Every structure is written in structure tokens, then in C-alpha cells.
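Visitor:
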Amino acid sequence: MRILILGGDGYLGWPTAIYLSHQGHDIAVADNFVRRQYDYELGAESLVPIASLQQRVKTWKDITGRKINVYVGDMTDAGFVYRMIEEFKPDTIVHYAEQRSAPYSMIDREHAVYTQVNNVVGTLNVIYAIADLNPDIHLVKLGSMGEYGTPNIDIEEGFLEVEHNGRKDILPYPKQPGSFYHLSKVHDSHNILFACKNFGLRSTDLNQGIVYGVETEQTVLHPDLATRLDYDGVFGTVLNRFCIEAVLGHPLTVYGVGEQKRGLLDIRDTVRCIEIAAENPPERGEYRVFNQFTEEFSIKELAELVAKTYPGEVKVELVEDPRTEALTHYFNARHTKLIDLGLVPHLLSDTLIQSLFGVIEKYKDRVNWDVIRTFVNWRRTRNPLYNND
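Numbers given in the working numbering equal positions in the sequence shown, counted from 1, plus 1.
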């Protein structure tokens with residue numbers, strides 16, 4: 002297939018691009034490099050050094066002989082989106098190109114507005130370009146398990162059968178997002194669902210859990226092919242952060258009492274899930290949802306697992322939860338559709354965590370200690386951009 006990956010310079014976008022290229026697909030990536038700009042804004046950078054996208058693509062071609070096309074531009078620029086799709090003529094578009102941090106969206110009004118405009122408008126431009134240029138293109142959109150929130154009933158995969166006043170219907174599962182970032186994902190889902198019904202598009206919405214890990218079979222082939230690893234309190238994801246804190250001798254910062262439950266998956270499973278979705282497209286006019294995670298853990302369980310696995314001394318510190326969320330809640334989410342289509346998950350193990358420790362140990366001198374703890378309190382309308390306490 003010809004697959005266009007939007008946000009192809011990112012933590013997940015780049016490993017997905019080289020994985021699918023390795024599988025024999027013709028790949029193009031698009032990015033405006035704003036994720037790298039956030040590093041300058043926040044005073045943080047990837048723990049693992051990352052090459053420029055142009056260097057990454059060159060090294061990949063030198064090693065494998067396979068070309069990856071590069072488009073530099075912004076998804077909120079409709080002209081760019083149309084020109085790119087018209088030129089590359091993809092069969093599938095994988096859409097990662099969004100501001101992906103919930104804490105970033107909660108810094109203040111400006112960051113909330115930016116997140117919503119960037120994410121929602123960019124996705125609308127992609128939707129309209131597909132509808133105008135080739136409605137057969139399959140849109141594979143990265144959503145989030147955070148769209149659902151933490152309801153006191155089981156979470157289904159996208160839809161829920163409802164009986165009301167003696168009548169039944171299958172409706173989109175009720176969404177209770179907990180941040181302006183997650184709200185942007187909900188708006189995307191609603192817009193894509195409508196577009197599938199209205200324009201006859203086809204789309205797979207992948208409601209992804211928290212990703213951990215940093216290496217795939219392709220990223221380890223050369224240092225230029227490495228993907229980023231974030232540790233800061235704004236972009237660092239929980240298990241990666243705990244592993245980094247352990248290696249640094251920093252307490253593992255657990256919000257509240259750590260009873261919040263989350264779905265997680267290995268980065269190697271993320272790229273495989275994208276492949277499965279792309280190779281099994283829905284029908285024209287069909288909007289489908291896959292819950293993309295492999296295991297459930299509480300935050301406290303993750304901290305305890307890291308503390309048990311790390312060979313040195315590790316302290317776990319309970320800190321005030323900066324988020325607006327229930328400290329203890331029910332969580333049971335279905336995630337069978339990708340398994341049914343062939344996903345064989347990499348389950349979290351001591352071996353994986355130990356390998357992550359090794360990567361972190363190699364680059365630990367790159368850490369800016371001032372940005373490890375979050376400075377974003379979600380209940381405030383304004384937060385300091387840098388934590389100078």
C-alpha cells in the first residue's frame with residue numbers, strides 16, 4: 002500500500018513509518034516539527050538524542066535501500082494538506098499529527114485553545130481533502146482511551162447498545178474526557194463519524210492507551226533511527242517516567258494514592274496495530290473503533306513493578322494529584338478487536354523494563370532535573386511555564 006503518516010517525526014510516528022516501510026509499503030511522512038519546538042518552550046528535550054527527520058530518512062535509505070518521502074507543512078494549512086494528498090495519492094492515511102499532551106493543554110487558555118484548534122482543524126482539513134480527492138482513502142486516526150474517562154460501567158469499543166423507554170439503539174459510547182486535549186480527541190471522533198456517514202468515508206479510530214518503551218526492531222539498527230523518549234512532567238508518559246526516575250535516583254512521583262487505572266501497550270504493539278488496521282480496512286461509509294491497549298494497571302502497580310525490577314534503591318513518593326480525576330475508580334475496558342485481527346501482544350515484563358533501564362542509563366546525563374516534576378495544576382486557569390520552585 003501507499004501509506005501517508007501525518008506526524009511522522011514523532012515518538013510513535015517515526016517508528017511506525019520505518020516499520021511499515023520495512024514491511025514493504027510505500028511510505029511518506031509529514032510533519033511541521035512543532036513537537037521539537039515544544040522542547041524549546043518547556044526547557045526539556047528527548048532523553049535519547051534524535052536525528053533530524055531528513056537525516057533519519059537518509060540513514061533509513063542507506064541501510065535498507067527503501068525511500069521514505071517527506072512533506073514539511075502544517076495540517077491546519079488546508080492548501081498544504083490537499084497538495085500533499087493529491088501528489089502522494091495514498092491508499093491509507095495514518096493520523097498522528099496532533100498536540101498529544103494532556104498537561105500541555107491544561108497550562109492556560111492559550112495552550113487549551115492552541116490544542117483544540119491544531120487538533121480539530123487539522124483533522125477537519127484531512128477529512129475534507131479525502132472527501133474531495135479520493136473517498137476510498139482509509140483514515141486511520143489515533144484516538145485515546147482518555148476519551149472515555151472513567152465511567153462506573155464497562156467500556157466498550159466505541160459503541161454501546163442502549164435500551165430507553167422500550168426501544169433499543171447502538172450509540173457512540175458516552176465520552177467523559179478529563180482534559181482539553183482529550184476533548185479535542187472526542188471532537189475528532191465525532192467529526193470523523195459524521196464524515197463517514199455524510200461523505201461515505203472509511204475510518205478506523207484507534208483509542209490508544211499509554212505507550213511505553215522506546216525501541217523497535219527498526220529503531221535499533223542505527224542511532225539516527227532512534228525515536229524520542231520524554232521524561233518531563235508535561236510530555237513524559239507514566240511508565241517511561243517511572244523508569245527514568247528510578248535510574249536517576251529520583252522518587253517515583255505517584256499522583257494521589259495511585260489507584261487510577263490505565264490501559265497500556267508496548268511501542269512495538271503500537272506499530273503492529275497500525276499495520277493491522279491498515280491491512281483490514283472498513284467498508285465505505287463505516288466508522289469503527291478499536292481500543293488499542295493490551296493490559297490494565299493501576300499507577301501504583303506500575304510504580305511497584307519498577308521499584309521491584311530496578312537493581313538499586315527506589316523510593317515511591319505520593320504527591321498531590323494535579324489532575325481533576327477520581328483518585329479511586331472502576332475501570333474495565335474491552336480490547337478484543339485487534340486481538341481478533343491477529344495482534345499478538347508483547348506483555349509487560351521485567352525484561353522489557355530492564356532493557357529500558359539500560360537505554361536510560363546511557364543518556365541520563367542529558368536530564369534537566371528542573372522539568373521532571375509537573376508544574377501544571379489542571380484546576381487553575383494559569384500555570385507558570387517553568388517550575389522555578
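Glycine is no exception: its CB is placed at the ideal position from the N, C-alpha and C atoms.
Computed from a predicted model, the values in this text were never measured in an experiment.
For a test of the three-state rule: what should DSSP assign to residue 384, helix, strand or coil?
Guide: Translated into positions along the sequence shown, residue 384 becomes position 383. Three-state DSSP puts residue 384 in coil, outside helix and strand.
Visitor: Starting from residue 104, trace the beta strand (DSSP E) in both directions and tell me its first and last residue.
Guide: Here residue 104 refers to the residue found at position 103 when the sequence shown is read from its first residue. Taken as a continuous stretch (DSSP letters only), residue 104 belongs to no beta strand (DSSP E), being part of the alpha helix (DSSP H) at 103-106.
Visitor: Ordered along the chain, which non-local residues of its own chain (more than five positions away) have a Cβ less than 6 angstroms from that of residue 240?
Guide: Here residue 240 is taken as the residue at index 239 of the sequence shown, counted from 1. Cβ within range, chain order: 213, 303.
Visitor: First and last residue of the alpha helix (DSSP H) that includes residue 238?
Guide: Locating residue 238 in the sequence shown gives position 237, counting from the first residue. Premise fails: residue 238 is in no alpha helix (DSSP H) and is neither H nor E.
Visitor: Can residue 13 and residue 271 be called in contact, C-beta distance under 8 angstroms?
Guide: The count along the sequence shown starts at 1 and reaches residue 13 at position 12. The count along the sequence shown starts at 1 and reaches residue 271 at position 270. Their beta carbons are under 8 angstroms apart, which means residue 13 touches residue 271 by this criterion.
Visitor: Might you give, ordered along the chain, the residues of its own chain that have their beta carbon closer than 8 angstroms to the beta carbon of residue 238, omitting 5 neighbours on each side?
Guide: Taking the first residue of the sequence shown as 1, we reach residue 238 at position 237. Excluding residues within five positions, the ones whose Cβ falls inside 8 angstroms are 211, 212, 213, 231.
Visitor: Would you call residue 383 buried or exposed, if buried means 16 or more other Cβ atoms sit within 10 Å of its Cβ?
Guide: Position 382 of the sequence shown holds residue 383. Answer is exposed; the Cβ neighbour count stays below 16.
Visitor: Using only the alpha-carbon positions, how far apart do residue 265 and residue 334 sit?
Guide: On the sequence shown, position 264 is the one that residue 265 refers to. On the sequence shown, position 333 is the one that residue 334 refers to. For residue 265 and residue 334, the distance between alpha carbons rounds to 12 angstroms.
Visitor: For residue 189 and residue 245, what's the separation of their Cα atoms in angstroms?
Guide: Sequence index remark: in the sequence shown, residue 189 carries index 188 (1-based). Sequence index remark: in the sequence shown, residue 245 carries index 244 (1-based). If you take the alpha carbons of residue 189 and residue 245, they lie about 32 angstroms apart.
Visitor: Going by DSSP, what residue range makes up the alpha helix (DSSP H) through residue 358?
Guide: Residue numbering aside, residue 358 sits at position 357 when the sequence shown is read from its first letter. From DSSP, the alpha helix (DSSP H) with residue 358 extends over 351-364.
Visitor: Which runs of the alpha helix (DSSP H) fall wholly inside the region 98-144 and span at least 4 residues, in chain order?
Guide: List check, alpha helix (DSSP H) in window: 103-106, 110-117, 123-134.
Visitor: Can you list, in chain order, the residues of its chain with a C-beta nearer than 7 angstroms to that of residue 217? Leave out the 5 residues immediately preceding and following it.
Guide: Stepping through the sequence shown from its first residue, residue 217 is reached at position 216. Here the set comprises 16, 20, 268, 269, 272.
Visitor: If we ignore side chains and look at the alpha-carbon of each, how far apart do residue 226 and residue 61 end up?
Guide: Working through the sequence shown from its first residue, we reach residue 226 at position 225. Working through the sequence shown from its first residue, we reach residue 61 at position 60. Roughly 7 angstroms between the two C-alpha positions.
Visitor: If you count every other CB in all the chains shown that lies within 10 Å of the CB of residue 373, and 16 or more means buried, which is it?
Guide: Locating residue 373 in the sequence shown gives position 372, counting from the first residue. Residue 373 should be labelled buried.
Visitor: Would you identify the three-state DSSP class for residue 192, choosing helix, strand or coil?
Guide: Within the sequence shown, the letter at position 191 stands for residue 192. Note: residue 192 maps to helix in three-state DSSP.
Visitor: Exposed or buried, residue 66, counting other C-beta atoms within 10 Å across all chains shown (16 or more means buried)?
Guide: Numbered from its first residue, the sequence shown carries residue 66 at position 65. So residue 66 counts as exposed.
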